[in-house]
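A.B. asks: Listed in order, the protein sequences are those of chains A and B. At position 119 of the first sequence the residue is numbered 119 (the UniProt record's numbering), and the sequence of numbers has no breaks. At position 136 of the second sequence the residue is numbered 136 (the UniProt record's numbering), and the sequence of numbers has no breaks. Cβ atoms here follow ideal geometry from the backbone N, Cα and C, with glycine treated the same way.
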Amino acid sequence: MESGAVHTQQQEEEKQKQQKEEEEEEKRKQQKEEEEEEEEEHFHVLAVDDSFIDRKLLERLLKESSYQVTLVDSGDKALEYLGLLDSIDNVNATSSSQSPQQECIYGEIRPGLGTDIFTGMKVNLIMTDYCMPGMSGYDLLKRVKGSYWKDVPVVIMSSENIPSRIRMCLEEGAEEFLLKPLQLSDVEKLQTHLLKSPEKYSSIRIDDSSFNTESSSNITVSSKSNIASKRKALSPEIEERRPKLKGLAVV
Amino acid sequence: MERTQLRRQVALTRQSLFDQGFLDEQFIQLEDLQDDANPNFVEEVVTLYYRDSARLITNIEKALEKNSLDFNKLDGFMHQFKGSSSSIGAKKVKAECTLFREYCRAGNGEGCTRTFQQIKKEYATLKRKLEAYFQVVRQAGPAETACWPK
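#1: In the stretch 36-114 of chain B, which residue ranges form an unbroken alpha helix (DSSP H) of at least 4 residues, counting only runs that do not cross its ends?
#2: Grab the span of the beta strand (DSSP E) containing residue 270 (chain A) for me, first residue to last.
#3: Could you pull the DSSP bridge partners for T70 (chain A) from this structure?
#4: So that I know if they touch, is there some Cβ in chain B lying closer than 8 Å to that of C131 (chain A)?
#5: So, are the CB atoms of M127 (chain A) and L58 (chain A) less than 8 Å apart?
#6: Give a yes or no on whether the minimum CB-CB distance between F134 (chain B) and chain A is below 8 Å.
#7: Alpha carbon to alpha carbon, what distance is there between Q15 (chain B) and T115 (chain B)?
#8: Which residue comes first and which comes last in the beta strand (DSSP E) that contains T128 (chain A)?
#9: Does S65 (chain A) come out as helix, strand or coil in the three-state DSSP assignment?
#10: Could you spell out the range, first to last residue, of the beta strand (DSSP E) harbouring M157 (chain A)?
#11: Sort A:K15, A:L179, A:R55, A:L82 by Cα distance to L140 (chain A) and report the nearest one.
#12: Is it buried or exposed, N161 (chain A), if we count other Cβ atoms within 10 angstroms and call 16 or more buried?
#13: Just confirm the distance between the C-beta atoms of E171 (chain A) and V154 (chain A), as a whole number of angstroms; I'd bet it's less than 8 Å.
#14: Cutting at 8 Å between CB atoms, please list the residues of its own chain near I60 (chain B), excluding the five before and the five after it.
#15: I want to see whether chain A comes within less than 8 Å of V93 (chain B), judged by CB atoms only; does it?
#16: Where does R110 (chain A) fall in DSSP's three states?
#17: I'd like to know whether the C-beta of G83 (chain B) is nearer than 8 Å to at least one C-beta of chain A.
#18: Taking P181 (chain A) and Q26 (chain B) to be in contact with their CB atoms under 8 Å, please state how far apart those CB atoms are, rounded to whole angstroms.
#19: Along the beta strand (DSSP E) that carries E2 (chain B), what are the first and last residues, could you check?
#20: Leaving out the 5 sequence neighbours to the left and right, which residues in its chain are closer than 7 Å to S6 (chain B) when beta-carbon positions are compared?
#21: Is the CB-CB distance between S164 (chain A) and C131 (chain A) below 8 Å?
#22: On the premise that D76 (chain A) lies in contact with S87 (chain B), defined as a C-beta separation below 8 Å, what is that separation, rounded to the nearest angstrom?
#23: With DSSP as the reference, label L182 (chain A) as helix, strand or coil.
#24: Please state if the CB of K145 (chain A) and the CB of G173 (chain A) are separated by a distance shorter than 8 Å.
#25: Give the residues of chain A in contact with V45 (chain B), contact being defined as C-beta atoms less than 9 Å apart.
#26: With a cut-off of 8 Å, does the C-beta of D36 (chain B) fall near any C-beta of chain A?
#27: Whose C-beta lies closer than 7 Å to the C-beta of residue 185 (chain B) among residues of the same chain, with five residues either side of it excluded?
#28: Secondary structure at L30 (chain B), three-state DSSP: helix, strand or coil?
#29: Does DSSP put K150 (chain A) in a helix, in a strand, or in coil?
#30: Rounded to a whole number of angstroms, what is the C-alpha to C-alpha distance between L116 (chain A) and K150 (chain A)?
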């Protein structure tokens, strides 16, 4: 009789424990979904500037325009954030449970479109100062364009109006070149350059027929999201991105 | 009553900073970024500027004390300092910085040293003036307060 009672008690405790775990798991899931939803509503900008004051300003400007902002003070930190540094130690800021080793293994075949499929971290725009100690904004631009983040628009900022510098950056794939100090109107204009990444990676397939390079209309990738992009470069078939030199480079 | 007077003083002080060339358009950009959620943004940025640029001033000072001047290094420091100064709309400071950089490029140490004294003077003057300005702003209370309930 006694052993039977103990057995039932144990079972009861087990059950309760399980229930509790399930509830917590459910809560965690809900929270994550909410966070993801929130993330998706706002565009995420990665801003790179070695100047403390300029970072402060940039943050305010971007938040005023309702962007989510991540600020770093160097090109190296930006690469680290994007998971592009060789070190196995670095982890993406919003990484959940992925191990760094996993990221390294799949590092080269992750698709662009601004979303890291393993962590779900997305970057819709990168803004970087040109003149920085160590890695310059131009170097960072090159690194980004040569990586799986290549589809993320990169905007260069500089306090110096040097036409050859501007040309160089645009030729390397910079979306825009802005003169500092930046104004609210500059940031508002960036809206059109933002990479609107899809909500769910799973809906993107490389052999998806909706990736039609001939199409000049919006490329719809999933039934839910609407990726309005004028840039055909979203198609994996186009390998290089050479935006035309824009006349309105300097604001 | 007094509030109105204080507000007038704020407006006048502010205007004179622009009229006398201490501040430029960029300062207005900062003001535009101030709102209910960021009610002291301008003062915060200015405070950060003075705190952050102090070390640049020290670096430049040290670099200027050397027997043989490293103009590249000096220019680099000044580039940073000019950038920050420009970001808060410090017009006179910025102008002196430009001059300093020209002397750097010309390898003119004497010109650099002289201009740097001028920079420090303008830098300190602006700090005084802005501190006084912010004080009146605080005394006058929140600017665009909602109308008194009718």
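C.D. replies: Answer, in terms of the structure:
#1: Segments of the alpha helix (DSSP H) lying fully in the stretch 36-114 of chain B: 41-65, 71-88, 91-105.
#2: The requested residue 270 (chain A) is not part of the displayed model; chain A covers only 1 to 251.
#3: In the first sequence, residue 70 (chain A) corresponds to position 70, counting from 1. Partner(s): A:L46.
#4: By one-based count along the first sequence, residue 131 (chain A) stands at place 131. Yes, C131 (chain A) lies at the interface with chain B (some Cβ there is under 8 Å from its Cβ).
#5: For this step, residue 127 (chain A) is matched to residue 127 along the first sequence. For this step, residue 58 (chain A) is matched to residue 58 along the first sequence. Contact: yes.
#6: On the second sequence, position 134 is the one that residue 134 (chain B) refers to. No, because no Cβ of chain A sits closer than 8 Å to the Cβ of F134 (chain B).
#7: Sequence index remark: in the second sequence, residue 115 (chain B) carries index 115 (1-based). Sequence index remark: in the second sequence, residue 15 (chain B) carries index 15 (1-based). Taking C-alpha positions only, T115 (chain B) is separated from Q15 (chain B) by approximately 27 Å.
#8: The count along the first sequence starts at 1 and reaches residue 128 (chain A) at position 128. Taken as a continuous stretch (DSSP letters only), the beta strand (DSSP E) holding T128 (chain A) covers 125-129.
#9: Residue 65 (chain A) sits at position 65 when you count from the first residue of the first sequence. Coil at S65 (chain A), not helix or strand.
#10: Start at 1 with the first residue of the first sequence, and residue 157 (chain A) comes out as number 157. Note, M157 (chain A): beta strand (DSSP E), 154-158.
#11: Counting from one through the first sequence, the residue named residue 140 (chain A) turns up at place 140. Distances from the CA of L140 (chain A) to each of A:K15, A:L179, A:R55, A:L82 were compared; the closest alpha carbon is that of A:L82.
#12: Position 161 of the first sequence, counted from the first residue, corresponds to residue 161 (chain A). Its Cβ having fewer than 16 others within 10 Å, N161 (chain A) is exposed.
#13: As a working note, residue 171 (chain A) is residue 171 in the first sequence. As a working note, residue 154 (chain A) is residue 154 in the first sequence. Between the beta-carbon of E171 (chain A) and that of V154 (chain A) there is about 13 Å, and that puts the pair past the 8 Å contact cut.
#14: Translated into the one-based positions of the second sequence, residue 60 (chain B) becomes position 60. Only L74, F77, M78, F81, F116 meet the Cβ criterion.
#15: Counting from one through the second sequence, the residue named residue 93 (chain B) turns up at place 93. For V93 (chain B), the answer is no, since every Cβ of chain A falls outside 8 Å of its Cβ.
#16: Counted from its first residue, the first sequence places residue 110 (chain A) at position 110. In this prediction, R110 (chain A) has a pLDDT of 44, which is less than 50 and means its spatial position is unreliable; what the coordinates show is noted afterwards. In the displayed model, R110 (chain A) falls within coil according to three-state DSSP, outside both helix and strand.
#17: Your numbering for residue 83 (chain B) matches position 83 in the second sequence. The beta-carbon of G83 (chain B) is placed less than 8 Å from the nearest beta-carbon of chain A.
#18: By one-based count along the first sequence, residue 181 (chain A) stands at place 181. By one-based count along the second sequence, residue 26 (chain B) stands at place 26. Contact check for P181 (chain A) and Q26 (chain B): beta-carbon distance about 5 Å, within the 8 Å limit, so the pair qualifies.
#19: Sequence index remark: in the second sequence, residue 2 (chain B) carries index 2 (1-based). Where E2 (chain B) is concerned, there is no enclosing beta strand (DSSP E), although the alpha helix (DSSP H) it sits in stretches over 2-19.
#20: Walking along the second sequence from the start, residue 6 (chain B) turns up at place 6. Just to set this straight, residue 6 (chain B) is Leu in the shown sequence, not Ser. The answer, listed in chain order, is V136, Q139, A140.
#21: As a position in the first sequence, residue 164 (chain A) is number 164, starting the count at 1. As a position in the first sequence, residue 131 (chain A) is number 131, starting the count at 1. Not closer than 8 Å, so no.
#22: Here residue 87 (chain B) corresponds to residue number 87 of the second sequence, with the count starting at 1. Here residue 76 (chain A) corresponds to residue number 76 of the first sequence, with the count starting at 1. No, S87 (chain B) and D76 (chain A) are not in contact; Cβ-Cβ is about 23 Å, not under 8 Å.
#23: Translated into the one-based positions of the first sequence, residue 182 (chain A) becomes position 182. The three-state secondary structure of L182 (chain A), taken from DSSP, is coil.
#24: Within the first sequence, residue 173 (chain A) is the residue found at index 173, counting from 1. Within the first sequence, residue 145 (chain A) is the residue found at index 145, counting from 1. Contact: yes.
#25: Position 45 of the second sequence, counting from 1, holds the residue named residue 45 (chain B). Those within 9 Å of V45 (chain B) in chain A are I53, K56, L57, R60.
#26: Locating residue 36 (chain B) in the second sequence gives position 36, where the first residue counts as 1. Answer no: the Cβ-Cβ gap between D36 (chain B) and chain A never drops below 8 Å.
#27: Absent from the model: residue 185 (chain B). The displayed extent of chain B is 1 to 150, so no value can be given.
#28: Walking along the second sequence from the start, residue 30 (chain B) turns up at place 30. In the three-state DSSP reduction, L30 (chain B) falls in the helix class (H, G or I).
#29: Numbered from its first residue, the first sequence carries residue 150 (chain A) at position 150. DSSP places K150 (chain A) in coil when its eight states are reduced to three.
#30: Sequence index remark: in the first sequence, residue 116 (chain A) carries index 116 (1-based). Sequence index remark: in the first sequence, residue 150 (chain A) carries index 150 (1-based). The amino acid occupying residue 116 (chain A) in the given sequence is Asp; Leu does not appear at that position. Computed Cα separation, rounded: 12 Å.
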